[in-house]
Amino acid sequence: MNKPTVQDIFLRFYPAYLEKYSPSPEQAKVSRNIINCKTGAYGANVSICEDCSTVQIHYNSCRNRCCPMCQAVPKEMWMDARREDVLDAPYF
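For the sequence shown, this note's numbering assigns the number 1 to the initial residue and increments by one for each residue that follows.
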């Protein structure tokens, strides 16, 4: 079984959360973005292979800085850049 994503958790539990709590407009916007990210709600791009004519659909992301699906790659790139900055010396 695959590990649930943050999006899976929002899809499952956010409706019940809304019944009990009232999120701020900012929280509601981030929640909607996480729920709709890469689902087609923000459009899609179609790629067609020139060699074999395979069609791939790529759903657009929400690009919200709080969305773990959108920020995973930039986070890893940032961490790699920081690793290069570390001096080759003992740390305490």
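Note that CB positions come from ideal geometry on N, CA and C, so glycine has one too.
Taking the alpha-carbon positions, what's the residue i to residue j distance?
| i | j | result |
| --- | --- | --- |
| D88 | Y17 | 48 Å |
| E84 | T5 | 30 Å |
| V73 | S22 | 31 Å |
| T54 | S47 | 8 Å |
| E19 | Q7 | 19 Å |
| S24 | I57 | 34 Å |
| T39 | I9 | 15 Å |
| P15 | K3 | 21 Å |
| V86 | D80 | 10 Å |
| R12 | E76 | 28 Å |
| I35 | C52 | 34 Å |
For residue i, which residues from the same chain have a beta carbon less than 6 Å from its beta carbon, with the 5 sequence-adjacent residues on both sides left out?
| i | result |
| --- | --- |
| W78 | none |
Compute the beta-carbon to beta-carbon distance between residue i and residue j, rounded to the nearest angstrom, for a pair I have assumed lies under 8 Å.
| i | j | result |
| --- | --- | --- |
| Y42 | S61 | 7 Å |
| C70 | C37 | 6 Å |
Considering only DSSP beta bridges, list what residue i is partnered with.
| i | result |
| --- | --- |
| V30 | Per DSSP, none; premise fails for V30. |
| A16 | For A16, which the question treats as bridged, DSSP gives no partner whatsoever. |
Ordered along the chain, which non-local residues of its own chain (more than five positions away) have a Cβ less than 8 Å from that of residue i?
| i | result |
| --- | --- |
| A44 | I57, H58, Y59 and N60 |
Tell me which same chain residues have a C-beta within less than 7 Å of the C-beta of residue i, skipping the five on either side of it?
| i | result |
| --- | --- |
| E26 | none |
Does the ligand GTP have even one heavy atom less than 7 Å from the beta-carbon of residue i?
| i | result |
| --- | --- |
| E84 | This structure simply doesn't include the ligand GTP, nor any ligand for that matter. |
Three-pair Cβ contact test at 8 Å for the region 59-68 versus the region 27-45: yes
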